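So the number in our numbering is just where the residue sits in the sequence shown, counting from 1, plus 51. Every residue, glycine too, gets a C-beta built ideally from N, C-alpha and C. Remember, it's a predicted structure, so these values are computed and weren't measured experimentally. Working notes, beginning with the structure itself.
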Amino acid sequence: MRISFIVNGKSVELDVSPKKRLLDILHDDLDLISVKEGCGKGECGACAVIFNGERVNSCLIPAFQTDGSEVITLEGLKELPGYAAIERAYVEHGAVQCGFCLSGFVVSTVAFLKEKKSPADEEEIKEKLAGNLCRCTGYTKIIEAVKDLSLQEDLRRQPEAEVSHYVKK
Ligand code: FES
Ligand code: FES
């Protein structure tokens, strides 16, 4: 089938099998290697992307659903002004070990921050990031990084404005 959709602000057209997953399209066909396969069944969050404005696991999205959609991967988020602060917080808190889970966590962090109007507490962060698994078990440091980020009012608002720039044209 022929699909056309927007990825990181750019229009893309591809011929794909309807059974192909968004994960494969992004990683294999479009070379967006931040989108990783962990469990392949919606449990680990390694394949997380923003899909029509919502954080989703791309291993669960079949090709036919991608037609007409708007997708943002970590590669797109890196272009956002707020990205540097997110990266810095993860590094300063020592939240990166092998790095396999990182892109999924960052996608979830942006999706979380863009909905946040006030600083987050630990329980709330745990709940919101529950869909992301870290094989290196660096959860405490990741939660600390996100808590720190949620204290920054400009950052909480910035991703919303900037992500919307991509998603709602
Ligand atoms: S690979 Fe998609 S949730 Fe694990
Ligand atoms: S840092 Fe290794 S899987 Fe999370």
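Runs of the alpha helix (DSSP H) lying entirely within the region 134-199 and spanning at least 4 residues, in chain order: 134-143, 153-164 and 173-179. No Cβ-Cβ contact shorter than 8 Å links residue 74 with residue 120. Bridge partners of residue 121 according to DSSP: 57. A distance criterion of 7 Å places the beta-carbon of residue 180 beyond contact range of ligand 2, judged by its closest non-hydrogen atom. The closest heavy atom of ligand 1 lies less than 7 Å from the beta carbon of residue 88.
Residue nearest to residue 123 within the set 165, 106 and 52 is 106 (criterion: CA-CA distance). In the DSSP assignment, residue 106 falls within the beta strand (DSSP E) that extends over 105-108. The criterion of a C-beta distance shorter than 8 Å is not satisfied by residue 118 and residue 156. Annotation for residue 163: 179 place their beta carbon closer than 6 Å to its own, counting only its chain and skipping 5 residues before and after. Relative to the Cα of residue 61, the nearest Cα in the group 127, 175 and 187 belongs to 127.
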